[in-house]
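In what follows, a single structure is set out as structure tokens and then discussed.
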Amino acid sequence: MTAFSVAYKNLKRKPIRSLLTIFGVAVAVAVLISLIGFDRGYQKSLTADIDKMGYQLLVTAKGCPYEAATMMLKGGGGLRYMEQKVYDQIRTDERVDMITPQLVSTVYDPDRQDGAGGFALFMGIEDSYLKLKPWSTLKAGSWFSTPDANEVIMGYEAAEVEQRLVGDEIYIPRYDKILKVVGIFERSGTQDDGIIFLPLKTAQQIFELPNKLTGIGIKLKDIRQMGTFQEDLYDVPSIQIISLAQVRGTILNLVSSAKLMANSIAVIAVFIAVIGVVNTILMSVFERTQEIGIMKAIGASKLKVFKLIWIETMLLCTFGGIFGGILAVLASRLVEAILKSLLPYTPDGRLVLINIQLLIAALIGAVVLGIISGVYPAWRASSMRPVEAIRRSE
Amino acid sequence: MNDFVIKTNKLSKTYKLCAEEIHAVNEVDLDISAGDFVAIMGPSGSGKTTLLDMLGCLDRTSNGSLEVLGNDISKASENKLADIRRGKIGLVFQDFSLIPSLTALENVELAQYFAGQKRDRKKAHDILDAVSLGKRINHLPKQLSGGEKQRVAIARALITQPQILIADEPTGHLDTVNAKEIFDLFSELNEKSGLTIILATHNQKLGSLAKRQIFIQDGKLVN
Ligand SMILES: Nc1ncnc2c1ncn2[C@@H]1O[C@H](COP(=O)(O)OP(=O)(O)OP(=O)(O)O)[C@@H](O)[C@H]1O
Ligand SMILES: [Mg+2]
Numbered sequence: 001m002t003a004f005s006v007a008y009k010n011l012k013r014k015p016i017r018s019l020l021t022i023f024g025v026a027v028a029v030a031v032l033i034s035l036i037g038f039d040r041g042y043q044k045s046l047t048a049d050i051d052k053m054g055y056q057l058l059v060t061a062k063g064c065p066y067e068a069a070t071m072m073l074k075g076g077g078g079l080r081y082m083e084q085k086v087y088d089q090i091r092t093d094e095r096v097d098m099i100t101p102q103l104v105s106t107v108y109d110p111d112r113q114d115g116a117g118g119f120a121l122f123m124g125i126e127d128s129y130l131k132l133k134p135w136s137t138l139k140a141g142s143w144f145s146t147p148d149a150n151e152v153i154m155g156y157e158a159a160e161v162e163q164r165l166v167g168d169e170i171y172i173p174r175y176d177k178i179l180k181v182v183g184i185f186e187r188s189g190t191q192d193d194g195i196i197f198l199p200l201k202t203a204q205q206i207f208e209l210p211n212k213l214t215g216i217g218i219k220l221k222d223i224r225q226m227g228t229f230q231e232d233l234y235d236v237p238s239i240q241i242i243s244l245a246q247v248r249g250t251i252l253n254l255v256s257s258a259k260l261m262a263n264s265i266a267v268i269a270v271f272i273a274v275i276g277v278v279n280t281i282l283m284s285v286f287e288r289t290q291e292i293g294i295m296k297a298i299g300a301s302k303l304k305v306f307k308l309i310w311i312e313t314m315l316l317c318t319f320g321g322i323f324g325g326i327l328a329v330l331a332s333r334l335v336e337a338i339l340k341s342l343l344p345y346t347p348d349g350r351l352v353l354i355n356i357q358l359l360i361a362a363l364i365g366a367v368v369l370g371i372i373s374g375v376y377p378a379w380r381a382s383s384m385r386p387v388e389a390i391r392r393s394e
Numbered sequence: 395m396n397d398f399v400i401k402t403n404k405l406s407k408t409y410k411l412c413a414e415e416i417h418a419v420n421e422v423d424l425d426i427s428a429g430d431f432v433a434i435m436g437p438s439g440s441g442k443t444t445l446l447d448m449l450g451c452l453d454r455t456s457n458g459s460l461e462v463l464g465n466d467i468s469k470a471s472e473n474k475l476a477d478i479r480r481g482k483i484g485l486v487f488q489d490f491s492l493i494p495s496l497t498a499l500e501n502v503e504l505a506q507y508f509a510g511q512k513r514d515r516k517k518a519h520d521i522l523d524a525v526s527l528g529k530r531i532n533h534l535p536k537q538l539s540g541g542e543k544q545r546v547a548i549a550r551a552l553i554t555q556p557q558i559l560i561a562d563e564p565t566g567h568l569d570t571v572n573a574k575e576i577f578d579l580f581s582e583l584n585e586k587s588g589l590t591i592i593l594a595t596h597n598q599k600l601g602s603l604a605k606r607q608i609f610i611q612d613g614k615l616v617n
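Top to bottom, those sequences are chains A and B.
Last residue of the first sequence: 394 in our numbering, with the numbers rising by one and none dropped.
Last residue of the second sequence: 617 in our numbering, with the numbers rising by one and none dropped.
Written out as structure tokens, the structure is:
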């Protein structure tokens, strides 16, 4: 017989009311966990995505930098073209450690997604592409035989979607061209997984874009030269240069407005949960006026009555915190799916990162919530006068 | 005299309702010695409950003096009343007033906890045995009859080993047979362990079984 069991048994007296209140707290906690988890997960996968690009700077044709930023991460950025001579010019700069030209093109394939249609993403690259991504390895097959061979190497997912093995052929519908699959990349966890690579020269020829590029990836010998290097390139006409740090900032900026809205929802959810808890406990205190009067009459001190009601509140919030954590973990995939459909750019990998520390923090938060919302009802109960309490309900 | 557990002098309780003053208890002089068994009787609205509330340290006095167990509690604060009452005065009410979510045994143990005494399950069990409820200790109040509930309430009042037991119409909600049994239990407690008992009742027949009868009317004692 402890204050805990008395409080717990009292909550069991009105099971539906208690459960509904717990559910309210659980939803608020789950929303909070998902949001914080998203905040951590999104930044982490975005950073991982950017690190795996292998280069620090990207040169593209002039255009909207936001568009360029997201297109680039999606592997695209291919809607505007620049001349290959820009590449030849930058390549000779002695501050450049590695440099790689790219030509991206999307081709609509009506047979994709079981006939629903979809875009296949092609990227023309040179040998230097691999030097910038030393972790990219071939799962099967080998590199292009010549710089203008009619061959492709497929990203891991692209190969899975198209169901191709090394030695198979692949058809490019709009350009009526058949290419041979010579290699398949290992899964990298980046956008590269969905791309079909072909030699740059072959790409320029097939897509009828001679001497055109969509992007140039650059890695500098000394990262501290980034500023002056970028400034020098401002003089080159009709190109823009984006650093990946900028891209990261730009995307996080885009996301932060969405986050602001989500945070307000979380604040409202917590607020409603607190009101729900206070209301439930206050209601049960008033219903038990006589009972509390009797408790005081038979010797319960103010402190003990306060404790009893306070524990009830904390129990509600603690259970709410536990169920909220479970709810957040169970619903995280769903939340990810919703976020993916709402956000301008979503990196690969888990968007909502929930770990044990976050769950424990949320649980502590819920208990603190209980401590705070329990004060008023507990104070009301503890300051009831026994005679009045006993008589009022007679 | 040290023998008195309760001593009052012109004890009064006045309720103010707008301009009107109600003298619910009016200048009562009353001495109750240890081991007494007092029945307070009188018509409805005569002031029995008001008097018992003051004697039981539940309610503050208005005028006059009141001494309980050697403490002068005339005009004492609520907190001081609670301290004097705790563990030393057992209270039983008309409508049983058990905590519905707790079993008979737990209700008794709860009083122990509130009185700040060491929780002692065996003792709680023994006391329930003594009020002939040894076999129903794990029943909830709703599973007990009125008479049984009142026995649990008496056990709850006794668990802290009080010096005075105060009961306001403890048999008011019981039929004749059960009322008699509860009354007999009080007599037994008074005789066997010398417990001082003060109770209020409407029932003349039962009241006459107590050692001493006090009549009250319009807040004043009558002979
Ligand atoms: N809180 C209060 N405010 C105003 N008047 C009160 C209050 N409590 C009791 N009274 C009045 O004091 C008088 C005595 O009431 P009390 O309850 O003590 O009578 P009682 O003898 O116990 O009656 P009953 O046998 O019906 O229980 C009554 O006139 C009642 O209306
Ligand atoms: Mg009364």
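By construction, the Cβ of each residue, glycine as well, lies at the ideal position given by its N, Cα and C atoms.
Check your understanding: Shorter than 7 Å from the beta carbon of B/Arg530 to some beta carbon of chain A?
Key -> Position 136 of the second sequence, counted from the first residue, corresponds to residue 530 of chain B. Chain A, which has no Cβ nearer than 7 Å to the Cβ of B/Arg530, makes this no.
Exercise for review: Quickly, what does DSSP pair A/Ile184 with across the bridge? List them, please.
Suggested key: Locating residue 184 of chain A in the first sequence gives position 184, where the first residue counts as 1. BP columns for A/Ile184 point to A/Ala140, A/Met154.
Exercise for review: Measuring alpha carbon to alpha carbon, tell me which of A/Val375, A/Val278, A/Gly215 ends up nearest A/Arg80.
Suggested key: Taking the first residue of the first sequence as position 1, residue 80 of chain A is located at position 80. Closest option to A/Arg80, Cα to Cα, is A/Gly215.
Review point. Any heavy atom of ligand 2 closer than 6 Å to the Cβ of B/Lys442?
Key: Position 48 of the second sequence holds residue 442 of chain B. Yes, since a heavy atom of ligand 2 falls inside the 6 Å radius drawn around the Cβ of B/Lys442.
Exercise for review: Could you tell me the distance, in whole angstroms, from the CA atom of A/Leu35 to the CA atom of A/Ile265?
Suggested key: As a working note, residue 35 of chain A is residue 35 in the first sequence. As a working note, residue 265 of chain A is residue 265 in the first sequence. In a straight line, the C-alpha of A/Leu35 is about 10 Å away from that of A/Ile265.
Check your understanding: How about A/Arg13: is its C-beta nearer than 7 Å to some C-beta of chain B?
Key -> For this step, residue 13 of chain A is matched to residue 13 along the first sequence. By this cut-off, A/Arg13 is an interface position.
Point to revise | Below-7 Å beta-carbon distance, A/Ile298 vs any chain B residue | key: Sequence index remark: in the first sequence, residue 298 of chain A carries index 298 (1-based). Closer than 7 Å to some Cβ of chain B, the Cβ of A/Ile298 qualifies, so yes.
**Study point:** B/Cys412, buried or exposed, once every other Cβ within 10 Å from all chains shown has been counted against 16
**Key:** On the second sequence, residue 412 of chain B is found 18 positions in, with the first residue counted as 1. Classification for B/Cys412: exposed.
Review point. Taking Cβ positions only, does A/Lys9 come closer than 7 Å to chain B?
Key: In the first sequence, residue 9 of chain A corresponds to position 9, counting from 1. For A/Lys9, the answer is yes, since a Cβ of chain B falls inside 7 Å of its Cβ.
Review point. For A/Phe119, which three-state DSSP category applies?
Key: Taking the first sequence and counting its residues from 1, the one referred to as residue 119 of chain A is at position 119. Three-state result, A/Phe119: strand.
**Study point:** Contacting residues, own chain, Cβ-Cβ under 7 Å from A/Gly349 (five flanking each side not counted)
**Key:** Position 349 of the first sequence holds residue 349 of chain A. Excluding residues within five positions, the ones whose Cβ falls inside 7 Å are Ser45, Ala48, Gly189.
Point to revise | Close-in-space but distant-in-sequence residues of the same chain around B/Lys407 (CB under 7 Å, 5 per side omitted) | key: For this step, residue 407 of chain B is matched to residue 13 along the second sequence. So the list reads Ala418, Val419, Thr444, Met448, Thr455, Ser456, once near-sequence residues are dropped.
Exercise for review: Closer than 7 Å, Cβ to Cβ, to anything on chain A: give me those residues from the segment 439 to 468 of chain B, in chain order.
Suggested key: Asp447, Leu452, Asp453
Practice item. Rank B/Glu585, B/Gly588, B/Ala549, B/Gly601 by C-alpha distance to the C-alpha of B/Gly566 and give the top, closest one. Key: In the second sequence, counting from the first residue as 1, residue 566 of chain B sits at position 172. Closest by alpha carbon: B/Gly601.
Review point. For B/Ser456, is the beta carbon positioned less than 6 Å from some heavy atom of ligand 1?
Key: Residue mapping note: residue 456 of chain B aligns to position 62 of the second sequence, counting from 1. B/Ser456: no, Cβ never under 6 Å from ligand 1.
Check your understanding: Terminal residues of the continuous alpha helix (DSSP H) containing B/Lys536?
Key -> The residue labelled residue 536 of chain B in the question sits at position 142 within the second sequence. Element bounds for B/Lys536: n/a, residue is neither H nor E.
Check your understanding: How do the segment 191 to 205 of chain A and the segment 120 to 130 of chain A stand: do at least 3 beta-carbon pairs fall below 8 Å, yes or no?
Key -> yes
Point to revise | Where A/Met295 meets chain B, residues with beta-carbon distance less than 7 Å | key: By 1-based counting over the first sequence, the position of residue 295 of chain A is 295. What A/Met295 touches in chain B: Phe508.
Check your understanding: If we ignore side chains and look at the alpha-carbon of each, how far apart do B/Gly484 and B/Asn532 end up?
Key -> For the purposes of this step, residue 484 of chain B is taken as residue 90 along the second sequence, with counting starting at 1. For the purposes of this step, residue 532 of chain B is taken as residue 138 along the second sequence, with counting starting at 1. Rounded to the nearest angstrom, the two C-alpha atoms are 22 Å apart.
Check your understanding: Looking at the structure shown, is A/Pro347 part of a helix, part of a strand, or coil, going by DSSP?
Key -> Mapped onto the first sequence, residue 347 of chain A falls at position 347. In this structure, A/Pro347 counts as coil in the three-state DSSP scheme.
Review point. Is any heavy atom of ligand 4 found at a distance shorter than 6 Å from the C-beta of B/Ala509?
Key: Of the ligands one can find in the structure shown, namely ligand 1 and ligand 2, none is ligand 4.
Check your understanding: Mind checking if A/Pro377 is an interface residue toward chain B, Cβ cutoff 7 Å exclusive?
Key -> Start at 1 with the first residue of the first sequence, and residue 377 of chain A comes out as number 377. No, its Cβ sits nowhere closer than 7 Å to a Cβ of chain B.
Check your understanding: Using DSSP with H/G/I as helix, E/B as strand and the rest coil, what is A/Thr100?
Key -> Mapped onto the first sequence, residue 100 of chain A falls at position 100. The answer is strand: DSSP assigns A/Thr100 an E or B state.
**Study point:** Bounding residues of the beta strand (DSSP E) (the contiguous stretch that carries B/Ile483)
**Key:** Taking the second sequence and counting its residues from 1, the one referred to as residue 483 of chain B is at position 89. Start and end: 483 to 486.
Practice item. Using a Cβ-Cβ cut-off of 7 Å, state whether B/Leu593 counts as contacting chain A. Key: Start at 1 with the first residue of the second sequence, and residue 593 of chain B comes out as number 199. By this cut-off, B/Leu593 is not an interface position.
Point to revise | Spatial neighbours of A/Pro377 in its chain, beta-carbon cut-off 6 Å, leaving aside the 5 residues before and after | key: As a working note, residue 377 of chain A is residue 377 in the first sequence. Ile281, Leu282, Val285, Ile309, listed in sequence order.
Check your understanding: Between A/Arg174 and A/Pro110, what straight-line distance do the alpha-carbon atoms span, to the nearest angstrom?
Key -> Along the first sequence, one-based indexing puts residue 174 of chain A at 174. Along the first sequence, one-based indexing puts residue 110 of chain A at 110. Cα to Cα, the separation comes out at about 10 Å.
Exercise for review: Grab the span of the beta strand (DSSP E) containing A/Pro377 for me, first residue to last.
Suggested key: The residue labelled residue 377 of chain A in the question sits at position 377 within the first sequence. A/Pro377 -> not in any beta strand (DSSP E); alpha helix (DSSP H) instead, spanning 356 to 382.
Practice item. State the DSSP-derived secondary structure class of A/Val278, mapped to helix, strand or coil. Key: By one-based count along the first sequence, residue 278 of chain A stands at place 278. Helix, per DSSP.
Check your understanding: Count the other CB atoms within 10 Å of the CB of B/Ile434; is the residue buried (16 or more) or exposed (fewer)?
Key -> For the purposes of this step, residue 434 of chain B is identified with residue 40 of the second sequence, where counting begins at 1. So B/Ile434 ends up on the buried side.
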